[in-house]
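Everything in the sequence shown is counted per our numbering, starting at 345 for the first residue and increasing by one.
We put the beta carbon where it would ideally sit given N, CA and C, even for glycine.
Structure first, commentary second.
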Amino acid sequence: MKESRYFRVSMLCKPILPAREVAVVFLSSCGFDMFEEVEDCLVAYAQDDELDNQAYRRVISELRTIAEIVIEEEWIESENWNAKWESNYEPIDVDGKIMIRAPFHEPPVTGLDVIIQPEMSFGTGHHPTTWQMMNALHSIKLKGQTVLDMGCGTGALAIAAKKLGAKRVIAIDNDGWSYRNTIENIERNELHSKIEVILGDAESLTNFQFQFDVILANINRNILLNDMAEYTRCLIRHGALVLSGFFPADIPMLEKEADANGLKLEQTFERDGWSCLVFVNKGH
């Protein structure tokens, strides 16, 4: 798959709620698949080849009917992403248990050390969903387990899983830049050949002749809903499915889809307006 440049939209909504949550739903329908909050702004990203520009313009017009919005738009080329992140990248401390840092930061005195060189991929730890996924991952028994990091971004979760004792780890992403960034970050963490990296999406799961003990998917609500059945098919009975990339308002529909696939909600986390859910495969 070819590399993509990204279309970034920074949106200030007044009132913030419910306009911001409505904006996420609307933008998801026209190709945006990554969202973050920067102060009071909603920042959304769409890959060039996924963006439906006509639908995007309609969405903006509809949003203006329900809220006052101020928008800044920017195209981000792949080669510019690294410089943008490095200019204000700080290490992330996940409650003293895991540190996510760049190679130019000092290693932690205690806790797990995950080294990430930020490039045109997501999962550096600064977004609340990545932080929550790391926190949930640390609470799961991983020693000797088989783990899937779906939509791996930088590979941070896959790297953490391996360092926490997972026997086999597979990382999958459909973006070429993320695929290569994950491989590079694996090498930075001295885990060369210990994590399998695949360029693809949920369709890649049909090639596996085994099931996973733990599946991690920090993506977005629409993709999670669409791929839930495939995740469940690849998850052992009593295995854990950890999801993030959505708002609290999205939980009911995700839980409904999970229940339809024999998954039981075990834990719910929330941080800075974003949610993380841990399901267990109870089967039908």
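How would you call residue i, buried or exposed, if buried means at least 16 neighbouring beta carbons within 10 angstroms?
i	result
residue 439	exposed
residue 465	Reliability fails at residue 465, whose pLDDT of 48 lies under 50, so the model's placement of it is uncertain and the value that follows must be treated cautiously. Residue 465 is buried by the Cβ-count criterion.
residue 398	exposed
residue 629	No statement about residue 629 is possible, as the shown extent of the chain runs from 345 to 628 and does not include it.
residue 581	exposed
residue 493	buried
residue 391	buried
residue 501	buried
residue 405	exposed
residue 565	buried
residue 490	buried
residue 589	buried
Where does residue i fall in DSSP's three states?
i	result
residue 608	strand
residue 354	strand
residue 465	Low local confidence applies: a pLDDT of 48 at residue 465 is under 50, so the model's placement there is unreliable, with the coordinate-based value given in what follows. Residue 465: coil per DSSP, three-state reduction.
residue 364	helix
residue 459	strand
residue 349	coil
residue 482	helix
residue 541	strand
residue 567	helix
residue 594	helix
residue 573	helix
residue 548	helix
residue 421	coil
residue 450	coil
residue 708	The chain is shown only over 345 to 628; residue 708 falls outside these bounds and no answer can be derived.
residue 359	coil
residue 293	No answer is possible for residue 293: it lies beyond the span of the chain, which begins at 345 and ends at 628.
To the nearest angstrom, report how far apart residue i and residue j are at their CA atoms.
i	j	result
residue 609	residue 597	12 Å
residue 374	residue 366	13 Å
residue 354	residue 506	35 Å
residue 356	residue 617	16 Å
residue 479	residue 586	11 Å
residue 537	residue 414	47 Å
residue 461	residue 520	16 Å
residue 578	residue 624	13 Å
residue 358	residue 497	31 Å
residue 364	residue 386	7 Å
residue 558	residue 593	25 Å
residue 382	residue 499	23 Å
residue 371	residue 526	27 Å
residue 605	residue 622	14 Å
residue 435	residue 602	34 Å
residue 568	residue 412	30 Å
Name the DSSP beta bridge partners of residue i, please?
i	result
residue 391	350
residue 490	512
residue 556	579
residue 561	494 and 587
residue 613	620
Got a sec, what are the start and stop residues for the alpha helix (DSSP H) residue i sits in?
i	result
residue 399	397-408
residue 502	500-507
residue 525	520-532
Let's see if you can read the secondary structure: which residues bound the beta strand (DSSP E) around residue i?
i	result
residue 708	The question about residue 708 has no answer, for the chain in this structure spans 345 to 628.
residue 381	376-382
residue 437	436-438
Quick one: is the Cβ of residue i within less than 7 Å of any heavy atom of the ligand FAD?
i	result
residue 366	In the structure shown, the ligand FAD is absent, as is every other ligand, since no ligand is present at all.
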